[in-house]
Amino acid sequence: MEPTIFELDLRALVRLLGEAAALPDPWEAKRDHLLERLCDLIGACQWRWTLFDLPPDRPEAIALHSCQHVVSTTPLCALPPDTHWETPHVVVASQKVAHQGFSVIALVRSLDDRPYTSRETTLARLVLEQIPWLHQKELPPTQERRLFPRLALMEALLLEGLSRKEIASRTGLSLGTVNGYIRDLYGFYAVNSHAELIRLRSCHPSTSSTPLPWIAR
Amino acid sequence: MDRTLSLEDASAIVRLLGEVCVLPGNHEEKKTHLMNGLCALIDADYWAWVLVAELEPGRFPVYVGFVSGGFAETQLTEFLEIQTHPGMIEWTVPMATEFQATRRHLTRNVQDQFDYADFLASEVGQWWTRADIQPRCITFHPLDDGSTTGIGIYRRAGRPLFGARECRIAHILLTEVPWLHTMGWPQDRCASIPHLSPRIWLVHELLLQGYTRARIAEHLGLSPATVNGYVKEVFRHLGVHSQPELIARFRSGDGGDIARNARSA
Chain A
1 MEPTIFELDL RALVRLLGEA AALPDPWEAK RDHLLERLCD LIGACQWRWT
51 LFDLPPDRPE AIALHSCQHV VSTTPLCALP PDTHWETPHV VVASQKVAHQ
101 GFSVIALVRS LDDRPYTSRE TTLARLVLEQ IPWLHQKELP PTQERRLFPR
151 LALMEALLLE GLSRKEIASR TGLSLGTVNG YIRDLYGFYA VNSHAELIRL
201 RSCHPSTSST PLPWIAR
Chain B
1001 MDRTLSLEDA SAIVRLLGEV CVLPGNHEEK KTHLMNGLCA LIDADYWAWV
1051 LVAELEPGRF PVYVGFVSGG FAETQLTEFL EIQTHPGMIE WTVPMATEFQ
1101 ATRRHLTRNV QDQFDYADFL ASEVGQWWTR ADIQPRCITF HPLDDGSTTG
1151 IGIYRRAGRP LFGARECRIA HILLTEVPWL HTMGWPQDRC ASIPHLSPRI
1201 WLVHELLLQG YTRARIAEHL GLSPATVNGY VKEVFRHLGV HSQPELIARF
1251 RSGDGGDIAR NARSA
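Right, dumping it as structure tokens:
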């Protein structure tokens, strides 16, 4: 039989990820939020993220005992330092990350607690294994061509529907300067008018020059 | 109720949301990415997202916002035109009635709302088929001010209907991410939207999509003079003086639009 997940559990994950998506940058804050909420969801008392140069031999043991490589962690709960960690109390996911080595994320449950159920382990693994950036120190750069900040500002204001005069007064720039920027912006998108720009930036990815167009609304 | 989904679908959903989390850009880009991803997951071809100010069974809904993906330019016009077809109303009655009875988030496959063969054979059904768009499932989500967001998911003509799996995936993704529904609309949502006749509404939507007057005339098969008349009508209704100003009126965000409205009022 095909492996399954309860709809209720998936809904909880979707809610959690939706919340993280709505958080403002930096993206590292989203990782903290996501892992903390995941701990709440499966009843873990802490999460630890460790980076290694070489593939770890026993990831769960090393991740828990080596403190010097720990990049981020919630405050340690009151557990004796030499506790022998049993895997039923730890969910571990390790991934090889390009130019970075090996990443291990461990979600730890207090030994006083019962072991994880397979349902809880499945939930945790879904998040730890399907979201690669949780394991990364830096986000890979996006492939799309980027506008200079000034041109991006012009674009935002034009898409907001402002006229050139209004843009000049809003930004404190001269009309000549604004005209120059807008000429460059139209050149960037190869359009000839304000309405054309809006049209281009509001159409579907498959017909647009950039992978994820801004929807003019 | 212990309903389940395959682990494969769950993985794809988590992966998609993980991408959305770190997507650069505003919530509109995130919404677009999420909807395109959802369509890929359930093998759909088009999606459309509207804010409905008034949803009364048996009457033309009053739409406010419109965001879509997958449509070619000519299809988008056809799609909007079909929405204004009087024959469309009767097919929206079952879903609108069920939704208004409870005002709880609802997702339904089309074949569970009405006899799909009858729909395809109807005049408006043939319009859909000619446009190479056929509805597959519809979602309504209630907003606290009494308005509703509606999301339609479509396939090309002649492709299979959705089963329970597709409907459930869409339902889960669209119920559990509240900001998808609440962000990106005009700030006052619906309060400032006058009732527009279907023709005027269509021109209004096309202007919001950034179409030039010449394009609108071409797409709708109207003379430039007629389109100019409609455009003037739209501007008068909304108290604006230019297409960019109209678009600004419907942009959410920093509140710049409100100050502008106050000036022009």
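Chains as they are written, first to last, in our numbering: chain A, 1 to 217; chain B, 1001 to 1265. Note that the Cβ used here is the ideal one computed from N, Cα and C, for glycine as well. Predicted, not measured: the structure shown is a model, and the values here were computed from it.
* Asked: Helix or strand or just coil, what does DSSP make of Arg-48 of chain A?
  -> strand
* To do: Would you decide whether Ala-1170 of chain B is buried or exposed? Buried here means 16 or more other CB atoms lie within 10 Å of its CB.
  => buried
* Check Leu-1161 of chain B in the structure and name its three-state DSSP category. => coil
* For Arg-11 of chain A, name the three-state secondary structure that DSSP assigns. => helix
* Asked: I think Gln-1100 of chain B touches Pro-1057 of chain B, with their Cβ atoms under 8 angstroms apart; what is that distance to the nearest whole Å?
  -> 6 angstroms
* is_contact[Asp-968 of chain B, chain A] using C-beta, thresh 9 angstroms -> Residue coverage of chain B in this structure runs from 1001 to 1265, which leaves residue 968 of chain B outside it and unanswerable.
* At 8 angstroms on the CB atoms, spell out the chain A contacts of Val-945 of chain B, in chain order. => No statement about residue 945 of chain B is possible, as the shown extent of chain B runs from 1001 to 1265 and does not include it.
* Asked: Glu-1205 of chain B: which of B:Leu-1222, B:Ile-1247, B:Ala-1225, B:Val-1124 sits nearest, CA to CA?
  -> B:Ile-1247
* Which chain A residues are close to Lys-1030 of chain B, counting only those with a beta carbon under 7 angstroms from its beta carbon? -> Ala-21
* To do: Would you mind listing the alpha helix (DSSP H) stretches within the region 1067-1109 of chain B that are 4+ residues and don't spill past its ends, in chain order?
  => 1073-1083, 1089-1102
* At least one CB of chain A closer than 9 angstroms to the CB of Thr-1175 of chain B: is that the case? -> yes
* Considering only C-alpha positions, which residue in the set B:Val-1067, B:Pro-1160, B:Leu-1076, B:Asp-1132 is nearest to Asn-1109 of chain B? -> B:Pro-1160
* Asked: Pro-1142 of chain B touches chain A at which residues, Cβ-Cβ below 9 angstroms?
  -> Within chain A, no residue comes near Pro-1142 of chain B; the closest Cβ sits about 17 angstroms away, beyond 9 angstroms.
* Mapping DSSP to helix, strand and coil, what is Arg-1136 of chain B? -> strand
* Assign Asn-1036 of chain B to buried or exposed, taking buried as 16 or more other Cβ atoms, counted over all protein chains shown, within 10 Å of its Cβ. => buried
* Have a look at Glu-7 of chain A and Leu-13 of chain A and give me their C-alpha separation to the nearest angstrom. => 10 angstroms
* Relative to the alpha-carbon of Ile-1082 of chain B, which residue among B:Met-1183, B:Trp-1179, B:Leu-1208, B:Gly-1125 has its alpha-carbon at the smallest distance? -> B:Gly-1125
* Over what stretch of residues does the alpha helix (DSSP H) that includes Val-256 of chain A continue unbroken? -> Residue 256 of chain A cannot be examined here, being either before or after the span of chain A that is shown, 1 to 217.
* Asked: Taking all protein chains shown into account, do 16 or more other C-beta atoms lie within 10 angstroms of the C-beta of Arg-1136 of chain B, making it buried, or fewer, making it exposed?
  -> buried
* Asked: For Ile-105 of chain A and chain C, any beta-carbon pair shorter than 9 angstroms?
  -> Absent here is chain C; the protein component of the structure consists of chains A and B.
* Asked: Quick one: which chain B residues come within Cβ less than 8 angstroms of Ile-131 of chain A?
  -> Val-1014, Arg-1015, Gly-1018, Cys-1021
* Segments assigned alpha helix (DSSP H), at least 4 residues, entirely inside the region 1198-1257 of chain B -> 1198-1208, 1213-1220, 1224-1238, 1243-1249
* Asked: Given a limit of 8 angstroms on CB to CB distance, which residues of the region 1228-1247 of chain B reach chain A?
  -> Ser-1242, Gln-1243, Pro-1244, Glu-1245, Leu-1246, Ile-1247
* **Limits of the unbroken beta strand (DSSP E) element including Ser-1006 of chain B** => 1004-1006
* To do: Would you tell me roughly how many angstroms separate the C-alpha atoms of Gly-161 of chain A and Tyr-1211 of chain B, rounded to the nearest one?
  => 14 angstroms
* To do: Mark Pro-1244 of chain B as exposed unless 16 or more other C-beta atoms lie within 10 angstroms of its C-beta, in which case mark it buried.
  => buried
* With 7 angstroms as the C-beta to C-beta threshold (strictly closer), list the residues of the region 1145-1161 of chain B near chain A in chain order. => none
* Rounded to a whole number of angstroms, what is the C-alpha to C-alpha distance between Asn-179 of chain A and Ile-1216 of chain B? -> 27 angstroms
* To do: Quick one: list the residues of chain A neighbouring Arg-1103 of chain B, beta-carbon separation under 7 angstroms, in chain order.
  => Going along chain A, no residue has its Cβ under 7 angstroms from Arg-1103 of chain B, so there is no contact; the nearest lies around 20 angstroms.
* Asked: With which residues is Ala-106 of chain A paired in a DSSP beta bridge?
  -> A:Arg-48, A:Val-92
* What residues from the region 1196-1229 of chain B come within 7 angstroms of chain A, judged by C-beta to C-beta, listed N to C? -> Gln-1209, Gly-1210, Tyr-1211, Thr-1212
* With which residues is Trp-1049 of chain B paired in a DSSP beta bridge? -> B:Val-1067, B:Ile-1151
* Asked: Using 9 angstroms as the limit for Cβ to Cβ distance, is Glu-1081 of chain B near chain A?
  -> no
* Please look up how many angstroms separate the CB atoms of Val-1014 of chain B and Gln-130 of chain A, rounded, as I've assumed it's under 8 angstroms. => 4 angstroms
* Asked: Can you check whether the CB of Thr-1107 of chain B is closer than 9 angstroms to the CB of Thr-1139 of chain B?
  -> yes
* **Touching by the beta-carbon criterion (3+ pairs, under 8 angstroms), the region 150-159 of chain A and the region 36-47 of chain A** => no
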